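Residue numbers (this note's numbering): 48 to 317. Quick notes on the structure that follows.
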């Protein structure tokens with residue numbers, strides 16, 4: 048029957064592939080049996096981890112902030128968007144002239160918020176007959192709100208600058224903060240000290256345990272790189288309210304930032 052359907056050559060080819068498949072299946076089953084047999088002694092036994100030593104180290108670096116930044120905003124209302132924007136622009140430009148005169152470059156001045164809102168009021172019609180007519184919402188103008196953020200690279204100027212910007216009739220000054228421009232060099236110093244401390248601990252511990260340190264198996268770092276906020280500014284503190292009285296120079300101590308690095312190292316022991 049197979050000869051009639053496949054022909055003699057076809058039967059030979061089918062038989063050949065069937066034999067090859069059978070051999071491959073036999074080899075697979077044999078390898079599985081051998082692997083399972085080798086694992087028999089480990090069944091029911093707990094596999095213990097490699098012997099290791101884990102140590103921690105902590106490093107600190109102190110940096111005096113060399114950059115300050117603050118934001119100021121202007122809010123104006125007008126009958127049209129154009130009118131409101133023109134009124135806001137006058138105050139914005141007045142404040143920006145103060146900033147630029149202090150030496151701040153345009154690359155350090157940017158708009159961080161800009162919004163235009165329609166303003167409505169509800170007009171209630173006087174009821175003289177029943178049923179009373181309903182009131183209606185009437186457009187009365189537009190409100191423009193713009194916020195500018197300024198980066199000051201000379202921290203000694205920021206107090207005087209904030210005072211003068213406040214006198215330029217801006218609506219609000221907020222977010223005065225002091226930071227370190229090249230913070231990475233202090234982070235690297237703190238990390239270096241932390242690693243040295245951890246290595247010293249590991250060597251002392253290995254000596255006490257009479258073992259030898261092997262290769263490093265694990266490393267982790269946690270850092271605290273704070274941003275210093277001027278007293279009474281930003282960070283959840285109150286913003287500066289703009290007063291109409293004669294301004295006095297704002298005192299904004301820069302303080303000092305402590306940058307910490309805490310690392311964990313695990314060594315294999317021999």
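Positions of the beta carbon are idealized from the N, C-alpha and C atoms, including for glycine. As the structure is a prediction and not an experimental result, all values here were calculated from the model.
>> If the criterion is Cβ atoms closer than 7 Å, does the pair residue 309 and residue 264 meet it?
In response: Not in contact: residue 309 and residue 264 (Cβ atoms no closer than 7 Å).
> Ends of the alpha helix (DSSP H) at residue 110?
Replying inline: Unbroken run through residue 110 is the beta strand (DSSP E), 99-110; no alpha helix (DSSP H).
> Where do the ends of the alpha helix (DSSP H) carrying residue 152 lie?
Replying inline: From DSSP, residue 152 is part of no alpha helix (DSSP H); its letter is neither H nor E.
> What are the uninterrupted segments assigned as alpha helix (DSSP H) that are 4 or more residues long and contained completely in the stretch 160-235, given in chain order?
Replying inline: 205-213
>> If I follow the unbroken beta strand (DSSP E) through residue 125, where does it start and stop?
In response: 114-125
> What residues in its chain sit with their C-beta under 6 Å from that of residue 34, if we drop five residues either side in the sequence?
Replying inline: Given that the chain is displayed from residue 48 to residue 317, the structure contains no residue 34 and the question cannot be resolved.
> Thinking just about the alpha-carbon of each residue, which of 247, 191, 178, 111 is nearest to the one in residue 304?
Replying inline: Of 247, 191, 178, 111, the residue nearest in Cα terms is 111.
> Just to confirm, does residue 66 get its C-beta within under 6 Å of one of the non-hydrogen atoms of the ligand PLP?
Replying inline: Here there are no bound small molecules, and the ligand PLP is not part of this structure.
> Would you report the Cα separation of residue 180 and residue 136, rounded to the nearest angstrom?
Replying inline: The alpha-carbon atoms of residue 180 and residue 136 are separated by roughly 42 Å.
> So, are the CB atoms of residue 210 and residue 160 less than 7 Å apart?
Replying inline: no
>> Assess contact between the stretch 127-143 and the stretch 198-205, defined as three or more Cβ pairs (one per stretch) separated by less than 8 Å. Is contact present?
In response: no
> So residue 164 packs on residue 187, CB below 8 Å; how close in whole Å?
Replying inline: So it is not a contact: roughly 12 Å between Cβ atoms.
>> Using a Cβ distance threshold of 8 Å, determine whether the stretch 106-124 contacts the stretch 224-231, with at least three qualifying pairs required.
In response: yes
> Buried or exposed: which applies to residue 46, given that a residue is buried once 16 or more other Cβ atoms fall within 10 Å of its Cβ?
Replying inline: Since the displayed the chain opens at 48 and closes at 317, residue 46 lies outside it and no answer follows.
> Would DSSP call residue 244 helix, strand or coil?
Replying inline: helix
> Where does residue 259 fall in DSSP's three states?
Replying inline: Coil at residue 259, not helix or strand.
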